[in-house]
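Novice: Have a look at this one.
Residue numbers (the working numbering), protein chains in the order written: chain A, 0 to 312; chain B, 8 to 104; chain C, 248 to 333; chain D, 558 to 653.
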């Protein structure tokens, strides 16, 4: 008798691998994106099964939801391009297939030899939890024990939005259509609800799965809905606010580190009495930054002074 | 015990509706029929599942979150169903002209 | 109880995989997106059940985010499809 | 057989499939997706490394690393997609 949950895992694993193949082989580009979204959903389920709800949250919100929206807009922009079928020589395909099969075999062999469930760093984290200022281990790792990583990650987001604004400078975008009364009613109902959920995720991150990245991604979804429904239209005059939003997280994060370092400690060695306050401050500001940056990444092009897009109305 | 059985039955019926929705999606002839099959199925299926899981829930907080999930999925799937139907109709009109 | 719920989970997963045929076959983008919506809702149901099976109430938050982001992706699709229609 | 073993092998398979796609595919959009598959596959391995048979709690450090990875990946994807859009526009303009 096979345990049903294990059978579920095996099916899920097979489905994920099959979806990965389907994403790369399906002819229709729209189907490719939908399959990728489904692939992300299934991976998030797999991570839930591996008792990693934080990662599942991040994957569902950022890796699948927002990435899916980004892919859909990009496909919309480049839809005119007939996918020029430049055939790859068969020899190249076979050689690469062999190479990848070899890599798969090697990795699988190494993986099967590696003992699972090694102690790892879990005991070290558990020992220091009391001093971290929060009650959830993943949040403690992200914002206290390995805060440098997280700071760099926020910087990467900042770099990405700078790059996107540079690349898209001077491009034209067709205006979004009006979605009608029902959508307006929906957004009046849904947007506040989503704001509450995002803030809840940020707040609950101190004790349970959730936190700045997941909360920020959910708040970014509000931005997406506003942009899509034309309830908010980016204006050139709003650029300073947007820039302030992009920089806020990095600035506060680095500022706190410098302040702590100024007190004769290591940069992220928060004083125990204020650890919780400092972490919450950083998380709050980083959440705002992430939300603004992700929404701006979705919108792409910087709002520029000369609106050339009006002629297509 | 009785409550557990009731919850299990509700969840099982919910799953049945999901299966029915998938079959509708595969077998119905055109987009609007498929839309119809799907919105009914996922609305009912998820509603029953939510009810069943809520019966098994341990704390009031969990029940609140389950109700919130049900409410959100119900509104968003209704609105999205409407938007997709509108899009399909407009596309058909544009094609007919 | 756990066994019965696990079997229901398997049924839901198989039903999702069956729906994938519609995504692959199309032909309308709207249908592909519809199928994706069904997957989103079914995954929410699976997460609800998993929250009982694995005794992790935190999964309810994950389900909430799933539901939310599925809606956002769908709205995004409809907007872009409508743009294309003009 | 354990969940960790199953999903570990899944992760390696996804990584290899993504790598193959990134090497062979011509279309830029598909190549980006292939690289994203690679990143998800790598994430699988890290999460499996953190996994402990329940009821033991998993190791939080790899989880934090994967979350960081997901955010970095969406930044990279956004830039790649912006480049694809720009490239497409330039190609269209030279065709006219």
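Glycine included, each C-beta is placed from N, C-alpha and C at the ideal position.
How many Å lie between residue 320/A and residue 299/C at the Cα?
Specialist: Missing from the structure shown is residue 320/A; chain A here goes from 0 to 312 and no further.
Novice: I'd like the list of long-range same chain contacts for residue 267/A, defined as Cβ closer than 8 Å, with 5 residues on each side in sequence excluded.
Specialist: 143, 146, 147, 256, 259
Novice: Considering only the alpha carbon of each residue, which of 227/A, 40/A, 211/A, 93/A lies closest to residue 295/A?
Specialist: 227/A
Novice: Give the range of the alpha helix (DSSP H) segment to which residue 342/A is assigned.
Specialist: Outside the displayed range of chain A (0 to 312) lies residue 342/A, so it cannot be described from this structure.
Novice: Between 56/A, 286/A, 161/A, which has its C-alpha nearest residue 308/C's C-alpha?
Specialist: For residue 308/C, the closest C-alpha among the options 56/A, 286/A, 161/A is that of 56/A.
Novice: Are residue 159/A and residue 633/D touching if we call contact CB-CB under 9 Å?
Specialist: yes
Novice: Three or more C-beta pairs closer than 8 Å, one from the stretch 273 to 289 of chain C and one from the stretch 34 to 45 of chain B: is that the case here?
Specialist: yes
Novice: Cβ atoms of residue 277/C and residue 91/B: under 9 Å apart, would you say?
Specialist: It is a contact, given that the beta carbons lie within the stated cut-off.
Novice: Give the straight-line distance between the Cα atoms of residue 151/A and residue 265/A, rounded to the nearest whole angstrom.
Specialist: 17 Å
Novice: Which bits of chain B does residue 250/C rub up against, with CB to CB less than 9 Å?
Specialist: Near residue 250/C there are no residues of chain B at all, since even the closest Cβ is about 11 Å away, more than 9 Å.
Novice: Do you know how far the Cα of residue 133/A is from the Cα of residue 275/A?
Specialist: 6 Å
Novice: Indicate whether residue 644/D and residue 70/A have their beta-carbon atoms separated by less than 9 Å.
Specialist: no
Novice: Do residue 617/D and residue 195/A come within 9 Å of each other at the CB atom, strictly closer than that value?
Specialist: no
Novice: Can you tell me whether residue 101/A is buried or exposed, with buried defined as 16 or more other CB within 10 angstroms of its CB?
Specialist: exposed
Novice: Nearest chain A C-beta to residue 562/D closer than 9 Å, yes or no?
Specialist: yes
Novice: Let me confirm a value: residue 613/D is counted as buried when at least 16 other C-beta atoms fall within 10 Å, else exposed. Which label applies?
Specialist: exposed
Novice: Are the C-beta atoms of residue 110/A and some chain B residue less than 9 Å apart?
Specialist: no
Novice: Taking C-beta pairs closer than 9 Å, name the residues in chain C that residue 138/A reaches, listed in chain order.
Specialist: What residue 138/A touches in chain C: nothing, since even the nearest Cβ is about 13 Å away.
Novice: List the residues of chain A that residue 117/B touches, going by C-beta distances under 8 Å, in chain order.
Specialist: Absent from the model: residue 117/B. The displayed extent of chain B is 8 to 104, so no value can be given.
Novice: Taking 9 Å as the threshold (C-beta atoms), are residue 43/A and residue 253/C in contact?
Specialist: no
Novice: May I have the straight-line CA-CA distance separating residue 60/B from residue 283/A, to the nearest angstrom?
Specialist: 33 Å
Novice: How many angstroms separate the CA atom of residue 48/B from the CA atom of residue 90/A?
Specialist: Cα to Cα, residue 48/B sits roughly 48 Å from residue 90/A.
Novice: Along the alpha helix (DSSP H) that carries residue 278/C, what are the first and last residues, could you check?
Specialist: In the DSSP assignment, residue 278/C falls within the unbroken alpha helix (DSSP H) covering 276 to 300.
Novice: Am I right that residue 601/D and residue 575/D are in contact with their C-beta atoms under 8 Å? What's the rounded C-beta distance?
Specialist: That belief does not hold up - the Cβ atoms of residue 601/D and residue 575/D are roughly 11 Å apart, past 8 Å.
Novice: Expressed to the nearest angstrom, what Euclidean distance is found between the alpha-carbon atoms of residue 166/A and residue 639/D?
Specialist: 7 Å
Novice: Interface residues of chain C around residue 110/B at Cβ under 7 Å?
Specialist: Missing from the structure shown is residue 110/B; chain B here goes from 8 to 104 and no further.
Novice: Please list the segments of the alpha helix (DSSP H) lying wholly inside the stretch 203 to 236 of chain A, counting only runs of 4 or more residues, in order along the chain.
Specialist: 211 to 227
Novice: If the cut is a Cβ gap below 7 Å, which residues of chain A does residue 621/D touch?
Specialist: 137, 140, 141, 145
Novice: Flag this pair as yes or no: are the beta carbons of residue 287/A and residue 247/A separated by less than 9 Å?
Specialist: Going by C-beta atoms, residue 287/A is nearer than 9 Å to residue 247/A.
Novice: Near residue 281/A, what residues of its chain come up, given a Cβ to Cβ distance below 7 Å and the 5 sequence neighbours on each side ignored?
Specialist: 142, 251, 252, 255
Novice: When you compare only the Cα positions, how much space is there between residue 80/B and residue 98/A?
Specialist: 45 Å
Novice: At a Cβ threshold of 9 Å, is residue 259/C touching chain B?
Specialist: yes
Novice: For residue 291/A, which option in 262/A, 261/A, 249/A has the closest C-alpha, if you only look at C-alpha atoms?
Specialist: 249/A
Novice: Suppose contacts are defined by Cβ-Cβ distances below 9 Å. Is residue 22/B in contact with residue 52/B by that definition?
Specialist: yes
Novice: Which whole-angstrom value is the C-beta distance of residue 312/C and residue 94/A, which I expect to be below 8 Å?
Specialist: About 42 Å; that fails the 8 Å criterion.
Novice: Can you grab the Cα-Cα spacing for the pair residue 110/A / residue 561/D, in whole Å?
Specialist: 11 Å
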